[in-house]
Amino acid sequence: ELELYGLEATLIPVLSFEFLSLESLFEKLSHPECYGGLVCTSPRAVEAIKICLKENSNKEGNKSELFSVFSMFLVTVEEIGLTPQGEKSGNAEKLAEYICSREKPNSSALLFPCGALKREVLPTVLREKGIPLESLTVYQTAQHPELQESLSCYFSQQGIPASVVFFSPSGVKFCLQHIQKLSGDVINHVKFAAIGPTTAEALEAAGIPVSCTAGTPTPRDLAAGIHRALGSHSC
Numbered sequence: 020e021l022e023l024y025g026l027e028a029t030l031i032p033v034l035s036f037e038f039l040s041l042e043s044l045f046e047k048l049s050h051p052e053c054y055g056g057l058v059c060t061s062p063r064a065v066e067a068i069k070i071c072l073k074e075n076s077n078k079e080g081n082k083s084e085l086f087s088v089f090s091m092f093l094v095t096v097e098e099i100g101l102t103p104q105g106e107k108s109g110n111a112e113k114l115a116e117y118i119c120s121r122e123k124p125n126s127s128a129l130l131f132p133c134g135a136l137k138r139e140v141l142p143t144v145l146r147e148k149g150i151p152l153e154s155l156t157v158y159q160t161a162q163h164p165e166l167q168e169s170l171s172c173y174f175s176q177q178g179i180p181a182s183v184v185f186f187s188p189s190g191v192k193f194c195l196q197h198i199q200k201l202s203g204d205v206i207n208h209v210k211f212a213a214i215g216p217t218t219a220e221a222l223e224a225a226g227i228p229v230s231c232t233a234g235t236p237t238p239r240d241l242a243a244g245i246h247r248a249l250g251s252h253s254c
């Protein structure tokens, strides 16, 4: 998408992930009758489901296709053979509103595979509306072991980037300090972009002005936003 605007991007892995409790996840996926649906608010949660189903492909009992799925990620969810609802929500807050408009209070619990650092926005909204949610931690996040070396290599070869895009609050946590050190005073000229409002909030909390927040967490919206940001002061 960035190439359509004549922009060149370098991808630097910031995070590494460890998947957890996949046996427990498969057991729960094998009993859709016990749940009112499945909620996914991160691509990693969808990846955990994908790994879980692949590792247990020879076992009987996989009935995951019977789940109603609420997710913001159309493509990744479709890759595991499921059709999401609420894929246009864009963030956890709006997805929670979407779920509340369709689920009745005190119905069967929704299964929520999530990360160890999940935000409480969606669980809180559902709880306040009386919609039960069963959370299961299926992955944890750590800094990529080669992050610092990759950033140093980029800055030494390419110089100061025109724009830096973050895809998660964890990315901000692990990466921003290194970028600030490598950029020095020139960091004020760098346009910082965020995939969504939660990531934008993390940047702002760190004292970084956000030039662009994607309207929805899609490559098209992000690329368009970066293009506008590089041509103006904000988007």
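Count along the sequence shown starting at 1, add 19, and that's the number in this note's numbering. By construction, the Cβ of each residue, glycine as well, lies at the ideal position given by its N, Cα and C atoms.
- request: Using only alpha-carbon positions, find the residue among V88, R247, P151 and G190 that is nearest to A128.
  value: P151
query: For the segment 105–162, which segments carrying the beta strand (DSSP E) assignment without a break, of at least 3 residues, lie completely within its bounds, in sequence order?
result: 129–134 and 152–162
- prompt: Apart from the five residues on each side of it in sequence, which residues of its chain come closer than 6 angstroms, Cβ to Cβ, to C194?
  reply: V33
Whole beta strand (DSSP E) elements within the segment 41–73, 3-residue minimum: 56–59
field: Distance between beta carbons of G215 and G109, contact taken as under 8 angstroms
entry: 7 angstroms
query: If you check the beta carbons only, do A219 and T232 fall under 7 angstroms apart?
result: yes
- request: Using a threshold of 7 angstroms, state whether the C-beta atoms of N75 and F45 are closer than that.
  value: yes
field: S182 (DSSP reduced to helix, strand or coil)
entry: strand
- prompt: Leaving out five residues before and five after E223 in sequence, what residues of the same chain have Cβ atoms less than 8 angstroms from its Cβ?
  reply: V229
message: Can you check which of these residues, A213, T156 and S90, is closest to L101 by C-alpha distance?
response: S90
- prompt: Mind checking A248: buried by the 16 CB within 10 Å criterion, or exposed?
  reply: buried
task: Check whether the Cβ atoms of L21 and A243 sit closer than 7 angstroms, and answer yes or no.
output: no
message: I need the DSSP call for E220, collapsed to helix, strand or coil.
response: helix
field: Where K210 sits in the DSSP three-state scheme
entry: strand
task: Using the Cα positions of S154 and V88, report the straight-line distance between them to the nearest angstrom.
output: 15 angstroms
query: What's the gap between the Cα of T160 and the Cα of L166?
result: 14 angstroms
message: Suppose you measure from the CA of C254 to the CA of L136; what does that come to, to the nearest Å?
response: Model confidence at C254 stands at a pLDDT of 43, short of 50, so the residue's coordinates are unreliable and nothing is read from them.
message: Give me, in chain order, the residues of the same chain whose beta-carbon lies closer than 6 angstroms to that of K107; leave out the 5 immediate sequence neighbours on both sides.
response: none
query: Roughly how many angstroms separate the alpha carbons of K47 and E66, rounded to a whole number?
result: 16 angstroms
task: Using only alpha-carbon positions, find the residue among L41, S120, H246 and E98 that is nearest to K210.
output: H246
message: Would I68 and I118 qualify as a contact pair, given that the criterion is a beta-carbon distance under 7 angstroms?
response: no
- request: List the endpoints of the continuous alpha helix (DSSP H) containing F174.
  value: L166 to Q177
message: According to DSSP, is P188 part of a helix, a strand, or is it coil?
response: helix
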